[in-house]
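For the protein sequence lines, the chains are A and B, in the order given.
Just so it is clear: in the first sequence, position 268 is 252 by the working numbering, and no numbers are missing.
Every position in the second sequence, counted from 1, becomes a number in the working numbering once 60 is added.
Where is the CB? At the ideal position from N, CA and C, for every residue including glycine.
Below is one structure; the comments refer to it alone.
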Amino acid sequence: MADRSAIALLLRRAGFGPTSAEVDAASAAGYGPTVAALLDFTGTDPADASPVPTFVPYQPRAARSLTLQQRQAINHERAIELRQTQLWWLSRMTSTSHPLREKLTWFWHTHFATSFDKVRRADLMYRQNQLFRTQGAGNFEVLTQAVAKDPAMMLWLDTATDKKAHPNENFARESMELFTLGIGNYTEADVRDAARAFTGWVISPLTESWALQARQHDDGIKTVLGQTGDWGGEDVVHILVNSPASHRWIVAGVWSHFAYPVATTDPVVNDLLPGYTADLDITNLVKATLLHPQFTSSQARTGLIKQPVEWVVGALRALGLPAGEDRVVTALTALGQVPLRPPNVGGWPQNEYWLTTASSMARLQIAAVAVNLADLSPVTDVAAAQRVDATAHLLSVDWSPPTAAALGRVAANPKELVALALVSPDYLLN
Amino acid sequence: MPSHSLSRRQFIAGAAAAGVAGAAGVAIGHDPIERALGIAGGGTSHEAAAASSASSTASLSTKDGVLVLIAQYGGNDGLNTLIPYSDPAYLAGRPTLGFQPNEVIALDSELGLNPNLKGLKTLWDAKQLAIVRGVGHADPTFSHFREMDIWQSAVPDTDEATGWIGRYLDQAGHDPLYAMSLGPTMPMLLQGAKRAGSAIPSGTLTLPHGQAMEAPFIAVETPYPNEAALAAMVGQSGTDLLTVLHAVKDVLTTQAPVVEGTNLEVAPDTTPPTTVAPGKKAAAAASGLAGQLDLVARLIKGGLPTRIYVVSIGGWDTHGNEKATQDSLLAELDGAVTGFVNAMAGHPVVLMTFTEFGRRVAENASGGTDHGSSNVLFVAGTPVKGGYYGEQPSLTALDDGNLQFTTDFRQVYATVAGHVLGIDPKVVLEGQSFPTLPFV
């Protein structure tokens, strides 16, 4: 029988929070076999039954030719499509039997953070999301090459309108700073030359996918990270992801998301670096991360706060509630983390960022609604003296003595007990 | 634990803060999606003020300066904000994006305001608008994140995790009401190493289950010895929340909306969102920058002891299709700032804008401009001495295509720290001294 706390930690980090039954089953199976099962994406997934959004075929129209009413109608239509796409994804997170696939999809959404607010096309956001889901566990270069040509990304960072005469630096810069290298590992000259390499990249209106417009492409000589040639965009991506700085950046990024925040020079990064450098394989990197001794250390157990999506979806899963409802997006809006709408290309910050007085209020309100909807019989059906423990089991959490004592004061009222448990510091630690 | 007795306080529901936009610039209200779905934000239904309540424990003295910071997330293009319209290099660099001399609101023979800044021109004429030019720092990075961190930390050289106000909070002692932002998340500038400012919640200001929930909530959230640092921060935000709720609600019950055109007390529509027709004018007005500033104005007028407010407006990253985007954002900024400054007439309130960087002189091929360096910022209010401060940077003596800065941004911070907040600027500026600017 494996350490139940370690198993619960593993399932929280490699998914969106387990049910108590899932923790029981994984504890019986053991830690190593549970990691192997999490990384096995074969077989059917109940998440595939989540209703797939329907998209109105896109028709390019000049904004000036539209009346106010037409523009409002289009905005309304697009907002509905976005909402359907968000609910589809949230449903997948709660219903999946392959939680790590959905967690990796989420990780890549925070890494290659793209927002509907500029893309304005829910169908393209959906395509990008499927890209993360189908290629997010493979080779990082393959993934990054696909993301670079992904239409939502091309609209988000302006690659789609990049022309030879005046290169747009947006994608080149953010690729280096956020997607592959990290600040300090490239120069302004690298950004300017890389931007030239992506000129002429367009979205074909016929196929709605990447194409090269040769007359807008700058085919001159460029130097990127010390390598000189008549590079195209693919060459630049290749140079970036295969540089030593990128290896550290990605290893530290995965560790920071799944375990706790680290710098690229951290000893755990040194441990994982040779394995990742050998093949750029994300599955192998995630596996090595989950199996590293530090992953279940006390530093890890106290090193991450549940982000709003993790907190909301985790609570819904533990309480057996559905996620595909408008009120779930309303809750995430109040908490400041709405899927498909990150605040900027940097994604969402971690930890302290989520601990404000305003988010404390929102969590309490959401918890109060959730306990009203949930079947709390695992708590209600036991004697008052056992309810604090029963709540720990239901939510797969361990109470510190002060939290247990504080919750004990409301044990007579199971709804209040579970609501306060959901907003307790112990539960907020991921 | 909150410093004053909470249990006797009257809870009064109000949707007053409903739909204020998030500090990250996109969250709840300022938000085309929520607008298109007919949602005003995370707000819940409004209940009329039920009873008069006890007044706040501490009140603002009429002499205490208040600083209101507007974060413009994305990097506003300063050259199309304060326009060097008579410099041939301006239109040469911006053949399609540039404004013609007859389009700008001329302030003198060289510089003019963007045509959407009509309200700011009235403040300029009334000598209540300071325009600080060429603001920046050495070795700009052109990164949104790095530059926004630099502006919020006031530490340009190293990666600093605390904000310049946060470092003041660290040494000032715990006071969750001293500095507040609006919306669910809080900007880094209010984050200290040990302490942080507060974020005023959106929507209702009442705990579920009302007063009965308070004592057990405090019991769960109260930090204890040897608690993990992040867990203790969860608890601190919970106990601070009660302090903020009581103080804010006490004030809002006595203060009507003050900024024209906004009405935060309009109840959001609760009809299921996918069936609602788009467009709700009042909700949109309440949720934007004007709505945020309206709430701030009411809190100041009501005597909340808060000295620093942070509000935000996002969307300034205009790599493409800049003109339409910036025009509408500047118009929104202009209306909100002008309304707020007029509502605060006679109060010692100073409003200041900041953004992470300006943009290049030359436009790009997407009808936009790329990340640049030094920029213009506005300071406005009754105590402000209107006029230009700092030299206008040259459009031709460029540093690799970028404007050179003429005014260190920490000079601006030293000025507002010393002359608005009355704190020693060295505390927030790593012990360094910077010459102040006489705009206040």
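Would you report the Cα separation of Arg358 (chain B) and Val402 (chain A), rounded to the nearest angstrom? 36 Å
Taking only runs of the alpha helix (DSSP H) that begin and end inside the stretch 112 to 161 of chain B, which ones reach a length of at least 4 residues, in chain order? 148 to 153
Short CB-CB distance (under 9 Å) between Trp338 (chain A) and chain B: yes
If you draw a straight line from the alpha carbon of Leu463 (chain B) to that of Pro144 (chain B), how long is it in whole angstroms? 13 Å
Under 9 Å, Cβ to Cβ, is there at least one residue of chain A near Arg206 (chain B)? yes
Taking only beta carbons into account, state which residues of the stretch 332 to 365 of chain A come closer than 7 Å to chain B, listed in chain order. Asn335, Glu336, Tyr337, Leu339, Thr340, Thr341, Ala342, Ser343, Ser344, Met345, Ala346, Leu348, Gln349, Ala352
When the Cα atoms are used, what is the spatial distance from Pro338 (chain B) to Thr26 (chain A)? Its pLDDT being 28, under 50, Pro338 (chain B) is placed unreliably in this model, and the coordinates cannot settle the point.
Pairs of beta-carbons, one from the stretch 34 to 44 of chain A and one from the stretch 69 to 77 of chain A, closer than 8 Å: are there three or more? yes
Where the beta strand (DSSP E) through Val208 (chain A) begins and ends: 206 to 208
Would you decide whether Ala342 (chain A) is buried or exposed? Buried here means 16 or more other CB atoms lie within 10 Å of its CB. buried
Report buried or exposed for Ala396 (chain A), applying the criterion of at least 16 other Cβ atoms within 10 angstroms of its Cβ. exposed
Would the stretch 151 to 162 of chain A and the stretch 420 to 440 of chain B be scored as touching if the rule is three or more Cβ pairs under 8 Å? yes
When we look at the beta-carbon of Gln370 (chain A) and count the other beta-carbons within 10 Å, is it buried (16 or more) or exposed? exposed
Among B:Asn174, B:Gly153, B:Ala152, B:Val370, whose alpha-carbon lies nearest the alpha-carbon of Lys383 (chain B)? B:Asn174
Listed from N- to C-terminal order along the chain, which residues in the stretch 158 to 192 of chain A have their beta-carbon within a distance smaller than 7 Å of any beta-carbon of chain B? Glu161, Ile167, Glu172
Expressed to the nearest angstrom, what Euclidean distance is found between the alpha-carbon atoms of Asn113 (chain A) and Ala318 (chain A)? 23 Å
In chain order, what residues of the stretch 287 to 302 of chain A put their CB closer than 7 Å to some CB of chain B? Ile289
Interface residues of chain A around Pro155 (chain B) at Cβ under 7 Å? Result: empty, since nearest Cβ-Cβ is about 11 Å, beyond 7 Å.
Take Met248 (chain B) and list the residues in its own chain whose beta-carbon comes closer than 6 Å to its own, dropping the five residues that flank it on each side. Gln212, Gly223
Name the chain B residues whose beta carbon is nearer than 8 Å to that of Leu74 (chain A)? Result: empty, since nearest Cβ-Cβ is about 15 Å, beyond 8 Å.
Counting only runs of 4+ residues fully inside the stretch 217 to 246 of chain B, write out the alpha helix (DSSP H) ranges in chain order. 224 to 232
Beta-carbon of Pro216 (chain B) versus every beta-carbon of chain A: anything under 9 Å? no
For Asn254 (chain A), count neighbouring C-beta atoms within 10 Å of its own C-beta (all shown protein chains included) and say buried if the count is 16 or more, exposed if not. exposed
What is the rounded straight-line gap between the Cα of Ser426 (chain B) and the Cα of Ala179 (chain A)? 13 Å
Cβ of Ser426 (chain B) within 9 Å of any chain A Cβ: yes
Considering only DSSP beta bridges, list what Met412 (chain B) is partnered with. B:Leu129, B:Val439
Anyone know if the C-beta pair for Val410 (chain B) and Val480 (chain B) falls short of 9 Å? yes
May I ask you to report which of helix, strand or coil DSSP gives His150 (chain A)? strand
Residue interval of the beta strand (DSSP E) (run including Gly425 (chain A)): Missing from the structure shown is residue 425 (chain A); chain A here goes from -15 to 414 and no further.
Where Glu6 (chain A) and Pro409 (chain A) are concerned, what is the direct C-alpha to C-alpha distance, given to the nearest angstrom? 23 Å
Around the Cβ of Gln291 (chain A), are there at least 16 other Cβ atoms within 10 angstroms (buried) or fewer (exposed)? buried
Taking 9 Å as the threshold (C-beta atoms), are Arg227 (chain B) and Val476 (chain B) in contact? no
Tell me the DSSP bridge mates of His431 (chain B)? B:Arg419
Would you verify that the beta carbon of Leu355 (chain B) is, or is not, closer than 9 Å to some beta carbon of chain A? no
Report the three-state DSSP secondary structure of Ser454 (chain B) (helix, strand or coil). coil
Could you confirm whether any beta carbon from chain A is found closer than 9 Å to the beta carbon of Pro365 (chain B)? no
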